[in-house]
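What follows is a single structure, written as structure tokens, with notes after it.
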Amino acid sequence: MAFRLLDDSEDDDVDWVYECLVDEIMDVAKAAFPSFERFDGWRDREDRILLRNAYADCGVSTYCGLAAIWLVERDDPRYWEADFYKPRTARARHWLGQVSGRFIDLFGKLRLVGRFSNGEAVFKRP
């Protein structure tokens, strides 16, 4: 997972900044990982899926001006049905392990340092 601020610019239009971030994520991730295809979906109610391949979803979640750009193993019925007939989980985890460092380098503007007991997170700029 990579983190960056949404409101780190002088622009007051947060929706426009968000849409620019979404476009950047799709363009950069697709160029870096050509197996991704554009996908419009959601994981639960707060996590927007932007790209998908055979193994993973790439997306964005926002909260209070912080954007989390994530890359996770797929968790949808079609994936698990295909996994039942031809296991994909081990290959998915292997692929995620291979690309995670590059993913963080591409999208990470903040590093998570830790969390307080109340759940509040502390970040630093690399």
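Each residue of the sequence shown is one higher than the one before, starting from 77 at the first, in the working numbering. By construction, the Cβ of each residue, glycine as well, lies at the ideal position given by its N, Cα and C atoms.
Would you mind stating whether Arg121 and Gly135 have Cβ atoms separated by less than 8 Å? Gly135 is positioned such that its CB atom lies no closer than 8 Å to that of Arg121.
Validate contact between the stretch 125-134 and the stretch 102-114 using beta carbons, cut 8 Å, 3 pairs: yes
8 Å Cβ shell around Leu182 - same chain, five flanking residues per side excluded: Ala78, Val104, Ala105, Ala108
Would the beta-carbon of Ser176 fall within 8 Å of that of Leu147? yes
Using the beta-carbon count (16 or more within 10 Å), is Asp133 buried or exposed? buried
Measuring only the C-alpha atoms, how far is Leu188 from Asp89? 26 Å
Could you tell me which residues DSSP pairs with Asp123 in its beta bridges? Arg119
Any idea what DSSP makes of Tyr139, helix, strand or coil? strand
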